[in-house]
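Following: one structure in structure tokens, then a few remarks.
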Amino acid sequence: MKYFTVIFLVITSVLTGCKNSGKVTIKNQESTTEKVAVEKNNDQNSDKKAMHSNAHKVVVIEKIPAGGYVYLKVSEKEKEYWIAVPGKQVKIGATYYYDGGMEMRNFESKILKRTFDRVIFAQGIREKINEVGSKPKKETNKKVNAVKKKNTTRKSKVGIIEKASNGIRVADLFENPKAYQNKQVIIKGKAVKVNNGIMGVNFIHLQDGTTGNGQYDITVTSNEIVKIGDIITLKGTVILNKDFGAGYVFDVLIEKAVVLK
């Protein structure tokens, strides 16, 4: 009988221990779950903060319109410097945000006839830090391609211009750009848009009345001074997928062009 009592007490003790052990295990699981949930929440908050960690908060001190750009002297953390953004209504003394850009040292603006020790070409500025900013390059390229497909039926308003001797047409370039990659070409057309003094060069939009793959406007960079409406012959090098930074990406570009006549 004594042995039976002892065995009974041992079994009861073991069962009680297992039961208590189960409670401890469940408690630990709950604590672990709570810990993971807290860590996950903290990670999400960190991600939200990181979204705008690269944004620059600046106050505009001075502004100078120039061509399609506005040069802004800004103050950031007691430091003053210049940025340039596409034409936008900006108020002196107001606070804005931007996400960086391409920095140019000793940049000479031919329009302003002035040299900046340092200027940052940004894609744009916004009034609130959490406003929708610039899209990643891949998305931007998708958007550009979508626009191209949508505009395949559009045509240049410029009448057909005679092709230059030993030259190519705009249509030739857009229909087979790889054939001209990194090669010099001669092209004749009408300057329909000109932006001077951007990132150290002049941007000329040239059309000759022809269309290739829905495109009829070729962008040319040059140090030459050209007026809108001029019919000119240019010689330059074809560059594909040119990325100037600050949102300036071109699928096809004629670079370092000179005016032949």
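Using this note's numbering, the first residue of the sequence shown is number 3, and each one after it goes up by one. No residue lacks a Cβ here, since even glycine has one placed at the ideal position from N, Cα and C.
Nearest neighbour of residue i, chosen from the options [CA to CA]
i, options, result
"D245", "Q125, I234, E110", "Q125"
"R107", "G202, L236, D219", "G202"
"E177", "P88, M104, G214, G169", "G214"
"E105", "I131, D210, I200", "I200"
"I220", "E257, N198, K180, H58", "E257"
"S111", "L262, T212, G70", "G70"
"K195", "V228, V261, K93, V251", "V228"
"V251", "D232, A259, T223, L236", "T223"
"E64", "R171, I85, K115, R128", "I85"
"V92", "I127, S77, L114", "I127"
"K130", "L175, Y100, S77", "Y100"
Exposed unless 16 or more other CB atoms sit within 10 angstroms - verdict on residue i
i, result
"T117", "exposed"
"G238", "buried"
"R120", "exposed"
"Q217", "buried"
"G161", "exposed"
"P67", "exposed"
"L242", "exposed"
"I230", "exposed"
"I206", "buried"
DSSP-derived helix/strand/coil call for residue i
i, result
"D119", "strand"
"K75", "strand"
"E110", "strand"
"K29", "Per-residue confidence for K29 stands at a pLDDT of 40, beneath the threshold of 50, marking its modelled position as unreliable; the derived number appears in the next sentence. K29: helix per DSSP, three-state reduction."
"K1", "What the structure shows of the chain is the stretch from 3 to 263, and residue 1 is not part of that stretch, so it cannot be assessed."
"A166", "coil"
"S48", "Per-residue confidence for S48 stands at a pLDDT of 43, beneath the threshold of 50, marking its modelled position as unreliable; the derived number appears in the next sentence. If DSSP states are grouped into helix, strand and coil, S48 belongs with the helices."
Alpha helix (DSSP H) segment containing residue i, residue limits
i, result
"E177", "172 to 177"
Unbroken beta strand (DSSP E) run spanning residue i, endpoints
i, result
"Y83", "81 to 88"
"Q209", "203 to 209"
"A181", "First-last for A181: undefined, no H or E at that position."
"K159", "Taken as a continuous stretch (DSSP letters only), K159 belongs to no beta strand (DSSP E), as it is neither H nor E."
"A68", "58 to 68"
Beta-ladder partner(s) of residue i, from DSSP
i, result
"Q217", "G214"
"Q186", "T239"
"D245", "V251"
"I200", "V203"
"G191", "I234"
"S224", "N204, A259"
"G103", "A124"
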